[in-house]
Amino acid sequence: MRRSLRVVCRDSLAATPTAAVAKKRPVKDVKVEVKEEATAVTKPRSSSSKRIKKEPIPSPDKEGTTPEPPALASKKASKKELEKAAQLDTYLSFIHTRREQTGDSNKLVGAHVSGASGLENAVFNAAKIGARAFAFFTRSQRTWTCKPLTPDTIAAFHAAMKRFGYAPGDVVPHGSYLLNCGSPDAGVLQKSRDGLLDEVRRCEALGLSLYNFHPGATKNEISVDECLDLIAESIEQTLRQTTGVTILVENMSNQGC
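Mapping the sequence shown onto full-length UniProt numbering, position 126 (from 1) lands on 126, and the numbers just tick up by one.
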């Protein structure tokens, strides 16, 4: 703050120009006004100073979790992608070695593998254990309704099959455990037939030629012959609406919905 002082006098204090010596007169009725003025102090900006861009701090989401800044998340994602790529290269080398070691055998030995978090992972998991053939679920095996396959999922599966050298006949997708295509219950029978058709169509989309399922059970409510007729009708209905997929009937121990 800077203070300015202004003195106001009713009588003139200035001497006349012609007077060599002016006699001082007493000052009367002096009025003093003090006025405060605000003075802004500006710090000079250094020419060598550099602007540093700061990443915005993400706000917490609905669950109260604060996501990582974009730059940090990108670095972690890149590192994770590199690690996964290295893993897949290892699997690829392993399955090639296994095929060379067992090339003289006509038996394709494998296992049922997981396709969680992407059906292409079923291919990766099969190669990981050196399986020359494998089975997997094309959808959840314990629910009646499932989301359809997306174009990205289908493309990723095809790419994985090609990269790891699996042929369509090397893969045997397994049907849902809920299916009972010989059920005496009309509601369960219809849902089973819808599920059978959906799963075979998934095999078509994935470029696979085989599909395996447990046909059903009598539930001790109908005869075996009646149950077999229902199963045959279910399979025929599916075959009329699909092409290129052979349905395999797996034996079972009187199980089914």
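C-beta atoms are modelled at their ideal positions from N, C-alpha and C, and glycine is treated no differently.
Cβ of Val171 within 8 Å of Cβ of Ile247? no
Taking contact to mean 3 or more Cβ pairs, one atom from each stretch, closer than 8 Å, check whether the segment 176-187 and the segment 210-222 are in contact. yes
Pull up the DSSP beta-bridge partners for Tyr211, would you. Ile247
What separation, rounded to the nearest whole angstrom, lies between the Cα atoms of residue 263 and Lys79? There is simply no residue 263 to check, as the chain begins at 1 and stops at 257 in what is shown.
Are the CB atoms of Thr143 and Leu119 nearer to each other than 8 Å? no
Burial state of Val224 (16 or more Cβ within 10 Å): exposed
Are Val109 and Ala133 closer than 8 Å when you measure CB to CB? yes
Alpha carbon to alpha carbon, how far is Leu189 from Leu196? 10 Å
What residue from Met252, Ala156, Val245, Glu83 has the CA that sits closest to Ser209's CA? Val245
Identify the residues that DSSP records as bridge partners of Ala205: which are they? Ala205 is not bridged to any residue.
Mapping the DSSP letters down to three states, classify Gly169 as helix, strand or coil. helix
Out of Thr145, Pro151, Arg163, state which residue places its alpha-carbon closest to the alpha-carbon of His96. Arg163
Does Leu82 pass the burial test, meaning 16 or more other C-beta atoms within 10 Å, or should it be called exposed? exposed
Return the residue from the list Gly169, Ala116, Pro148 that minimises the CA-CA distance to Lys107. Gly169
Phe134 - containing alpha helix (DSSP H), residue span: No alpha helix (DSSP H) contains Phe134, which is instead part of the beta strand (DSSP E) from 133-135.
Nearest-angstrom Cα separation, counted from Gly187 out to Leu145: Going by the sequence as given, residue 145 is Thr instead of Leu. When rounded, the distance between both Cα atoms is 14 Å.
Under the assumption that Phe136 contacts Gly115 (Cβ atoms under 8 Å), give the Cβ distance between them as a whole number of angstroms. 4 Å
Taking the beta strand (DSSP E) that Ala159 belongs to, which residues open and close that run? Where Ala159 is concerned, there is no enclosing beta strand (DSSP E), although the alpha helix (DSSP H) it sits in stretches over 151-164.
With DSSP collapsed to three states, give me the class of Thr18. The pLDDT assigned to Thr18 is 47, lower than 50, so where the model puts this residue is not dependable; a value taken from the coordinates is nonetheless given after this. The answer is coil: DSSP assigns Thr18 none of H, G, I, E or B.
Going by DSSP in three states, Cys181 sits in which element: helix, strand or coil? coil
Quick one, which of Ala127, Gln101, Arg98 has its alpha-carbon nearest Gln87's? Ala127
Buried/exposed call for Val167, threshold 16 Cβ in 10 Å: The sequence as given places Ala at residue 167; Val does not occur at that position. Label assigned to Ala167: exposed.
Identify whether Ala111 lies in helix, strand or coil by the three-state DSSP scheme. strand
For His174: DSSP bridge partner residues: Phe137, Asn212
Between the Cα of Glu250 and those of Arg98, Ser176, Tyr91, spot the shortest distance and give me the residue it belongs to. Ser176
Just to confirm before moving on: does the CB-CB distance between Ser192 and Ser234 stay below 8 Å? yes
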